[in-house]
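In the numbering used here, the protein residues as written are 410 to 682. The beta carbon of each residue, even a glycine, is placed where N, CA and C say it ideally should be.
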Amino acid sequence: MVWFFKRFRSKIARIEVSGAIASKTRQDVLKALQTVADRRYRALLLRIDSPGGTVTDSHEIYQALLRLRQQHGVKVVASFGNISASGGVYIGMGAEKIVSNPGTITGSIGVILRGNNLERLLDKIGVSFKTIKSGPYKDILAFDRELSEGEQQILQSLIDNTYDQFVNTVATARQLPVETVREFADGRIFNGEQALNLKLVDALGTEEDARRLAAELAQLNPDRAELDEIETAKPWWAKLLRSGASGSRLSATGEWLEFELTTNGMPLWLYRP
410 MVWFFKRFRS KIARIEVSGA IASKTRQDVL KALQTVADRR YRALLLRIDS PGGTVTDSHE
470 IYQALLRLRQ QHGVKVVASF GNISASGGVY IGMGAEKIVS NPGTITGSIG VILRGNNLER
530 LLDKIGVSFK TIKSGPYKDI LAFDRELSEG EQQILQSLID NTYDQFVNTV ATARQLPVET
590 VREFADGRIF NGEQALNLKL VDALGTEEDA RRLAAELAQL NPDRAELDEI ETAKPWWAKL
650 LRSGASGSRL SATGEWLEFE LTTNGMPLWL YRP
């Protein structure tokens, strides 16, 4: 069996995280990370091109990356693509080093919880709902009425606590004071060069630069270490929506619709492009 693992030891595993981070993405990425551990790769290049996603799914990918590094000794380098914001940033914190393109859109460190209030529309068409509930907050974020003051306080506390988790994770991963992180973690976005100045990333460069760095960290020859793609499946509708030409209106609409379908109604770490 030694020969089986040896053929992976000289290569760098590559996993791509693209699009909205939700349940399906988490399942696929966790499965791919387990493959990296089982095959005993020495290095992983994590390519991130995501506007963010749900809280728990982002956190579980981050935790899995830490386990891969700590328990299996895999050197993990993240490469930020066109956009790596919010939840994309969060999972990037699981890497040992981060390489960003100067033009990458990143940041958007924060949490948002959305709700829809259709009360006036429902009134116009003569539709109303009767709700029987076990407690005053059981229908919190109901779409047929405004939030009460108590509900707003509950939700704000939830968001603030989740935000604190995000800030503390960034501070720990990047070895920055928490208050320093809070100064730029207000939801704003910035490019890769600005992220480098904020010490959110380690270097500017391409995915190839990230590959070479991963090879060096794993004590592999950067000129010879090849990438070994670990596939992550996409649902059929995501593939269909992304079938438009890159940069086209169809492609942009598809990415936005994919985001809505995968994250609707959930607490999010996200940047909306």
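Cα-Cα separation between residue i and residue j, rounded to whole angstroms
i    : j    : result
S655 : Y546 : Unreliable positioning characterises S655 in this predicted model, as indicated by a pLDDT of 47, which lies under 50. The coordinate reading is nonetheless provided below. Each residue's Cα considered, the two are about 44 angstroms apart.
L636 : N606 : 29 angstroms
Q436 : S488 : 21 angstroms
I541 : F417 : 59 angstroms
D532 : S432 : 35 angstroms
S419 : A634 : 6 angstroms
N630 : Y450 : 14 angstroms
D573 : V587 : 9 angstroms
Test item: CB-CB of residue i and residue j under 8 angstroms
i    : j    : result
N491 : I514 : yes
S509 : L613 : yes
V483 : L530 : no
L609 : E505 : no
L564 : L522 : yes
S427 : D458 : yes
R583 : G516 : no
A551 : I421 : no
G462 : I430 : yes
T578 : I424 : no
T581 : V464 : no
Opposing strand residues paired with residue i [DSSP bridges]
i    : result
V426 : I457
A487 : L455 and I507
S493 : S459 and T515
I639 : According to DSSP, which records beta bridges pairwise, I639 is partnered with nothing at all.
I568 : DSSP lists no partner for I568.
I421 : A452 and L636
Nonlocal neighbours in the same chain, by C-beta distance under 6 angstroms from residue i, ignoring five residues either side
i    : result
A594 : I518 and V576
Q561 : none
D611 : K506 and I507
Closest Cα partner of residue i within the set the options
i    : options                   : result
V498 : T615, D618 and A604       : A604
P511 : A441, E616 and A624       : E616
I534 : G544, D632, D553 and I549 : D553
I639 : V438, V536, K539 and N525 : V438
S686 : Q561, L527 and V587       : Only positions 410 to 682 of the chain appear in this structure, which leaves residue 686 out of reach.
S493 : R620, L567 and N600       : N600
L455 : L629, A619, D632 and Q628 : A619
Proximal residues to residue i (C-beta, below 8 angstroms), its chain only, five neighbours per side dropped
i    : result
R478 : K484, V485, G503 and E505
Spatial neighbours of residue i in its chain, beta-carbon cut-off 7 angstroms, leaving aside the 5 residues before and after
i    : result
I568 : V520 and L522
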